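Just so you know, we're using the working numbering here: the sequence shown kicks off at 1114 and counts up by one. All residues carry an ideal CB built from backbone N, CA and C; glycine is no exception. The model shown is predicted, which means the values in this text are computed figures rather than measured ones.
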Amino acid sequence: MSLKRLPNESLPREKLLSHGPQSLTDAELLAIFLRTGTQGMNVLQLADHLIKDAGSLRGLFSASQQEFCRHKGLGEAKYVQLQAVLEMTQRYLSETLKRGDALTSPQQTKLYLSSLLRDRHREAFYVLYLDNQHRVINDEILFEGTIDAASVYPREVVKRALDHNCAAVILAHNHPSGIAEPSQADRRITRRISDALALVDIRVLDHFVVGDGEEVSFAERGWI
């Protein structure tokens, strides 16, 4: 069916303007991004087909360029646009987090960490540097490893923390397996980093492990 034959309230753009973006389905949101359909499918049908083929909207968005462009109706231009949208989303979350106190916004912190780390195919170790009022000074991915491990050096964490003149840090890393439950190795390296930073009066406030739809907090477990 052509979109022209649909009532205005069923068109994604008009629905968003009338009821807000939260009222749209995943397919309707994707349709606005795609703008046009392909031969034999209007844009809503194409969006629904792409999401089902990828397994989910997240599956489509986390695909590599090669995986993304194999879908009919998607090419390099759309891939570039999508990557720009995803990067803007991460920067928005980062900016929002940096305007406030990281500890009074635990959900915002988890949301940002999840968007940053969840879909990485290799393990990445991230550090959030905070001042003495727990406001964010800076953040960075400090180490990257194989699909199941990262070489994390406490001395490098201490060096970067001193470079930023921070009073505290929040640590995070992802589990590419999707299982967020911390390992004994995770607990050991957290203790080693905490002990090393304590020597220069810098506290580790939390360590988050990011999995598939779940983030485990060491502080909430009483491990820090």
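From residue i to residue j, what distance separates their C-alpha atoms?
i, j, result
"G1188", "H1247", "43 Å"
"L1129", "D1276", "46 Å"
"G1168", "E1141", "16 Å"
"R1235", "F1256", "10 Å"
"V1249", "G1172", "31 Å"
"Q1196", "S1175", "9 Å"
"R1334", "P1219", "14 Å"
"S1330", "G1150", "43 Å"
"Q1178", "I1145", "20 Å"
"G1153", "G1186", "11 Å"
"L1159", "E1127", "19 Å"
"S1208", "D1244", "For clarity, residue 1208 is Glu in the given sequence; the question names Ser instead. Rounded to whole angstroms, E1208 to D1244 spans 16 Å at the Cα level."
"P1120", "K1191", "Bear in mind that the predicted position of P1120 carries a pLDDT of just 46, short of 50, making it unreliable; the figure below should be weighed with that in mind. Rounded to whole angstroms, P1120 to K1191 spans 27 Å at the Cα level."
"R1305", "E1269", "12 Å"
"F1181", "A1309", "43 Å"
"P1125", "L1206", "25 Å"
"L1226", "I1292", "15 Å"
If you reduce the DSSP assignment to three classes, tell me which class residue i lands in.
i, result
"T1151", "strand"
"D1314", "coil"
"L1129", "helix"
"I1337", "coil"
"L1255", "strand"
"R1233", "coil"
Which residue comes first and which comes last in the beta strand (DSSP E) that contains residue i?
i, result
"S1227", "That residue, S1227, is in no beta strand (DSSP E); its alpha helix (DSSP H) goes 1219 to 1230."
"E1327", "Run containing E1327: none; DSSP gives neither H nor E here."
"L1243", "1237 to 1243"
Could you pull the start and end residues of the alpha helix (DSSP H) that residue i belongs to?
i, result
"Q1158", "1156 to 1167"
(request) Write down every uninterrupted run of the beta strand (DSSP E) in the segment 1257 to 1297 whose length is 3 residues or greater and which is fully enclosed by it, in chain order. (result) 1281 to 1287
(message) Extract the residue ranges of the alpha helix (DSSP H) inside the segment 1169 to 1194, only unbroken runs of 4 or more that lie entirely within it.
(response) 1170 to 1174, 1178 to 1182
(request) Examine the Cβ distances between the segment 1198 to 1206 and the segment 1284 to 1295 and report whether three or more of them are shorter than 8 Å. (result) no
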